[in-house]
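Chains as they are written, first to last, in my numbering: chain A, 6 to 329; chain B, 6 to 329; chain C, 6 to 329; chain D, 6 to 329.
There are 4 protein chains.
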Amino acid sequence: MRGRHKIASGFGPLSPCVDRFTTMGYRDPVPLDEQFKQAAGIEGLSGVCLDYPSQLENIDEARRLIRLHDFALATVSPGIYYNRKWKLGTFSNPDPGVRREAVEITRQTMDVASGLGAEDILVWPAYDGFDYPFEADYQRGWGYLVEGIGEAASYRSDIRIAVEYKRQEIRNSLYVRNAGTLLSLLGEIGLENVGGVVDYGHSLAAGENPAEAATILHRAGKLFQVHINDNYRDWDHDMIPGTVSFWETLEFFYWMFRLGYDGWYIVDIFPYRLDGEAAFQDGVRQTEYFLEAAVRIQSPELEECLMRNDTLAADALIRPRIFL
Amino acid sequence: MRGRHKIASGFGPLSPCVDRFTTMGYRDPVPLDEQFKQAAGIEGLSGVCLDYPSQLENIDEARRLIRLHDFALATVSPGIYYNRKWKLGTFSNPDPGVRREAVEITRQTMDVASGLGAEDILVWPAYDGFDYPFEADYQRGWGYLVEGIGEAASYRSDIRIAVEYKRQEIRNSLYVRNAGTLLSLLGEIGLENVGGVVDYGHSLAAGENPAEAATILHRAGKLFQVHINDNYRDWDHDMIPGTVSFWETLEFFYWMFRLGYDGWYIVDIFPYRLDGEAAFQDGVRQTEYFLEAAVRIQSPELEECLMRNDTLAADALIRPRIFL
Amino acid sequence: MRGRHKIASGFGPLSPCVDRFTTMGYRDPVPLDEQFKQAAGIEGLSGVCLDYPSQLENIDEARRLIRLHDFALATVSPGIYYNRKWKLGTFSNPDPGVRREAVEITRQTMDVASGLGAEDILVWPAYDGFDYPFEADYQRGWGYLVEGIGEAASYRSDIRIAVEYKRQEIRNSLYVRNAGTLLSLLGEIGLENVGGVVDYGHSLAAGENPAEAATILHRAGKLFQVHINDNYRDWDHDMIPGTVSFWETLEFFYWMFRLGYDGWYIVDIFPYRLDGEAAFQDGVRQTEYFLEAAVRIQSPELEECLMRNDTLAADALIRPRIFL
Amino acid sequence: MRGRHKIASGFGPLSPCVDRFTTMGYRDPVPLDEQFKQAAGIEGLSGVCLDYPSQLENIDEARRLIRLHDFALATVSPGIYYNRKWKLGTFSNPDPGVRREAVEITRQTMDVASGLGAEDILVWPAYDGFDYPFEADYQRGWGYLVEGIGEAASYRSDIRIAVEYKRQEIRNSLYVRNAGTLLSLLGEIGLENVGGVVDYGHSLAAGENPAEAATILHRAGKLFQVHINDNYRDWDHDMIPGTVSFWETLEFFYWMFRLGYDGWYIVDIFPYRLDGEAAFQDGVRQTEYFLEAAVRIQSPELEECLMRNDTLAADALIRPRIFL
């Protein structure tokens, strides 16, 4: 495997990074094989994440490219966003045909993941929610969501489903909005192979402390994936890790160490106005930095400080191991 | 019973309403019997909420005052805030002696509630959380919280415990920060008599839609209490209900109707700079307004609109039943 | 003129309404003449807003379409967003060539506006700001901004420039972020024909009360335009007016009446997942509703209540004129 | 002078630090001479800030204590908060008697500052604003504010008034809410001796970048004071500097260096649940750290990166000068 850590990413940083005003994006699209080639130039990147079917129409070609560049396939996502047909929801869509389609594509994605050796699939129900007050039937919506994800997951128990939460965007308000909501959803689904993702930036923007969010998922045996990025707590800006909330990022990686998390660290940035490859490389470097800094700061003394909630003492232990 | 709805309140609006700068408060304190007398002047108020032991040192006197003014006792709260001894947590305090004390006072409050005929007790773990990154041991904190609330609740199964969530304040970041976190906590505790509260304003400030938050608690059979107030989503300003977020307040009461909620509506306002009694009366009036407006707007047609997520059609049905 | 109020809009609601994930948008694009035809079907809409050059490449054709459908041209915007070349700023771009281009296109837009009879042009410096800490040279950035807008405006004094503020988006953090920043910018530019816009939703998301924001611009003689929409204060969701923040919307229109504002009310919504024409019509209807409700609630008694800051009394006057 | 930097503070960290629930505070009050003694034990603290009249009833005694402990008096604040009489505003109160009183106490504070050798007085109009929609008459409120501060300031031109902005708290919404609003207020007052304060945490919580906020005040010659602390952008938690928003704190101090700011750095923390003296010492230490780190990272190369808005290059220059 390339790289010394389990650091992966999708090809967002190598894509146009469209925003709602800059509809042609900030760079021209490049074909998948070129994206692989660019990703292969990123030092420290050991895995990739792909969408099904948009990037996996030709599975053999994908397999070839993954092997060619010595990547692992970290995860696969079903294409339940990108398309206006999902606008009123995927698993929770009022239309039973659309709900059925969401289940089907999720099951197909599990097969694809299995065929390509991925550990899990990543399900982000970003259209499942509502935009306005007096828009949704919350009882039905939640019922459909539980039912649909459960139905998809029960298809095969050997592939895990990692569900990602977010408070806002794509819909103005999402059902699976934070770690607690996710946990209660997982509890209701009640299947071993369905767990969760903490996206660091989604957690911040949901008003959480990401380390704590990860811990409560871990306590329930449900921390399947983590995504790394940063923002100003207002919105999912998908910035380079550690560039805004340094301390909470360090704390997050510290708790990953403490919890013994051994899954992928998926760099999930969207460098609209930066050079895509340079930002990508920096995102991976920062992830390496925090992985290693977390080990450097850990000690029995620090555990002891946290046990007695003594943040001043904890701080005094950490700073000399971080700063010049 | 006084009033035509189950509307209750604590005596916050009749208290000094201190803030951290205005430490003498905005009005002079009055004794409990005077607060009862003032509350008895509030039309539409049928229940009161009291704290133990601060307002219940003399239980017989409290019983006398409740009866004298023909109030119901809606709920009782254990005094696990107000005092600096809880500053590092109540049920999750690193000190086992403080944790024990939190359990004890909660159990005593259950006895008091039982003796005075309250339906449940209200537990708000407002000191259980953290202020800084690298302050708390999240694993221990959560473990203690689950254990302590469970231990308290298992004391007697005939009195229910309603746990209240909030994102920020008193600590900068609270463990039980939103409806989902609360639900997952309740799931882990796993006791029939432990459920939750949706405080409308806490829900808004936690980045939720309060109607949806109440619905997910209801789906799990855990909606024990609701508190009513309003704010600007940034902080728990405890304003008069419906004065800022009109539509989401109406939607909240609509869903209370839809869910068949038959518990108390606890007006929880903190009118720092308003006349206390006038604000109190207005808070109760607004609650009555929304309870009645919710019934007025409900119809099979509206249910149908929500089932198909058609907010424009829902809106067209609602407006003529609300506006001149 | 069509319609009984000065209500205008761009053609956003009739456009694909792309988001960063749904890059093909939520509806297919239609040509300009078809958009005009659809807009002509919106009752109460009396003016349109166009972008230069994207919608005004053929000025004669635009003039024909405006006249054909009996619209007024409310305002014209220079195309200083939409294109990646502006990604590091327009008037404040570090590259003098790009800054020059921003000035040039703004001047051309003034000529076009003059030729088509618009009252002013609308300048939204949405790329002028920064994404990361340690990215911008704030001194230079601000200097360039003042200089560039001033240079553009001094080209001809008979056409007014209305500058629009926003806190976040397109850049993560914009220079002209709120009404106060805008006012201080206008003060520094010091030209009669440069003023400001209050976009209701930008104001909410900037942590302001929109009525107050408009008032401080008005006090300085700088309230040139208002834009109408709504959101949850977290982000510029461009929702239908009055659907979230009812009271502050009513208060905003009340102060427009009090201030004697006689400019355009520009409905600025982005109905991603709603039917475009239906949402457009509803946006105009709501604007009419609030314009008329503002007149209905105004009275000397209400002015008197506000003069003595008595919100309970104000509320008691307003409710019976609004609610059934 | 004690200390090697111009670092000052009020005695907040040595006070009870009341919150609205913990009304007895988190520590017992100590008399002023004891606070001075404790402050004298804080290494690196060179100045103190006092309130008039609450801490300056006996001016000779205050002078004695200041000299005894070799402090400078950084600034003096008029007591226009703390007391319920200001609840509807100070300079903008609807009652002319209260407005007059605000002007008078401010003028007296100028005299006191002059007598004790302070550079300026600090005016925080924290009650000037509103709590509810339809509460305030924004035109009158703003007019009174401009008039009142101007009237106070014109009393003597040799003492400067530093006006502090904040978005929320004590009122739910303050008139002088951000740097831009403050600047436009200062422009309207138009007096040389009236300028502004950037409180780092107020700036964050107002949706600003504090370094940029300070820069726009500096460009207008109006940066009179800076206050240092930290928070999560949601509320003014008054935490220890640099413990949350590390990068923006460093950037703030970097720009202080770039702008040549030579005034006081006032540590403004409110350590509710920490040991007061230890937190105080840490607050001063962090301020020293950032003052020195700002000098360490500055270079012509960094200026060059910022000039061309190249944050990746800037970051690459800064990190090796900060991190191990």
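Ideal placement from N, C-alpha and C gives every residue a C-beta, glycine not left out.
Other residues of its chain near residue i: CB distance less than 8 angstroms, five sequence neighbours each side excluded
i         : result
C:Leu-228 : Gly-200, Gly-201, Val-203, Ala-219, Leu-222, Leu-264, Tyr-266 and Gly-268
B:Asp-239 : Ala-210
A:Leu-191 : Val-168, Val-199, Gly-200, Gly-201, Ala-225 and Lys-227
B:Asn-183 : Tyr-170, Arg-172, Ser-208, Ala-211, Gly-212, Glu-213 and Ala-218
A:Asp-33  : Pro-21
D:Ile-10  : Checking the sequence, you will find His at residue 10 of chain D rather than Ile. Closer than 8 angstroms at the Cβ level, and outside the excluded window around D:His-10, lie Gly-49, Ser-51, Tyr-270, Thr-292, Glu-293 and Leu-296.
A:Leu-93  : Pro-99, Asp-100, Val-103 and Tyr-132
For residue i, the three-state DSSP class (helix, strand or coil)
i         : result
B:Gln-291 : helix
D:Gly-34  : First, the amino acid is wrong: residue 34 of chain D is Pro here, not Gly. Coil at D:Pro-34, not helix or strand.
C:Glu-169 : strand
B:Thr-80  : strand
B:Met-244 : strand
B:Phe-2   : There is no way to answer for residue 2 of chain B, as the model of chain B reaches only from 6 to 329.
B:Phe-135 : strand
C:Asp-100 : coil
A:Ile-271 : strand
is_contact[residue i, chain D] using C-beta, thresh 8 angstroms
i         : result
A:Val-249 : yes
B:Tyr-180 : no
C:Pro-99  : yes
A:Trp-252 : yes
Minimum C-alpha distance to residue i - residue among the options
i         : options                                       : result
C:Ala-284 : C:Phe-295, C:Ala-299, C:Val-300 and C:Pro-246 : C:Pro-246
D:Lys-42  : D:Arg-25, D:Ala-67 and D:Met-29               : D:Ala-67
B:Pro-99  : B:Gly-122, B:Tyr-132 and B:His-74             : B:Tyr-132
B:Ala-167 : B:Gly-226, B:Ser-97 and B:Arg-238             : B:Gly-226
D:Ala-211 : C:Gly-206, C:Ala-319, C:Thr-186 and C:Gly-15  : C:Thr-186
C:His-74  : C:Arg-176, C:Leu-55, C:Ser-51 and C:Thr-80    : C:Ser-51
C:Thr-95  : C:Val-103, C:Arg-89 and C:Asn-88              : C:Val-103
B:Gly-8   : B:Tyr-87, B:Ala-44 and B:Arg-89               : B:Ala-44
A:Ser-14  : A:Glu-282, A:Ile-327, A:Lys-92 and A:Pro-325  : A:Glu-282
8 angstroms Cβ cutoff, residue i in contact with chain B
i         : result
C:Arg-238 : yes
D:Asp-136 : yes
D:Arg-290 : no
C:Leu-296 : no
Short CB-CB distance (under 8 angstroms) between residue i and chain A
i         : result
D:Phe-328 : yes
C:His-242 : yes
B:Ser-189 : yes
C:Asn-234 : no
D:Ala-283 : yes
Closer than 8 angstroms to chain C by CB, residue i
i         : result
A:Arg-25  : yes
B:Leu-19  : no
D:Thr-186 : yes
A:Tyr-170 : no
Where the alpha helix (DSSP H) containing residue i begins and where it ends
i         : result
C:His-223 : 215-224
For residue i, the first and last residue of its enclosing beta strand (DSSP E)
i         : result
A:Arg-69  : Per DSSP, A:Arg-69 belongs to no beta strand (DSSP E); it is in the alpha helix (DSSP H), 64-73.
D:Gln-5   : Here chain D covers residues 6 to 329 and nothing more, so residue 5 of chain D does not appear.
A:Val-202 : 199-204
D:Gly-146 : From DSSP, D:Gly-146 is part of no beta strand (DSSP E) but of the alpha helix (DSSP H) over 143-158.
Beta-carbon contacts of residue i that lie in its chain and below 7 angstroms, excluding the five residues immediately before and after
i         : result
B:Phe-275 : Gly-17, Cys-22 and Asp-243
A:Ala-123 : Leu-78, Ala-79, Thr-80 and Val-81
A:Tyr-160 : Arg-112 and Met-115
Close-in-space but distant-in-sequence residues of the same chain around residue i (CB under 6 angstroms, 5 per side omitted)
i         : result
B:Glu-332 : This structure cannot settle anything about residue 332 of chain B, because the visible part of chain B is limited to 6 through 329.
B:Leu-127 : Thr-80, Ser-82 and Ala-167
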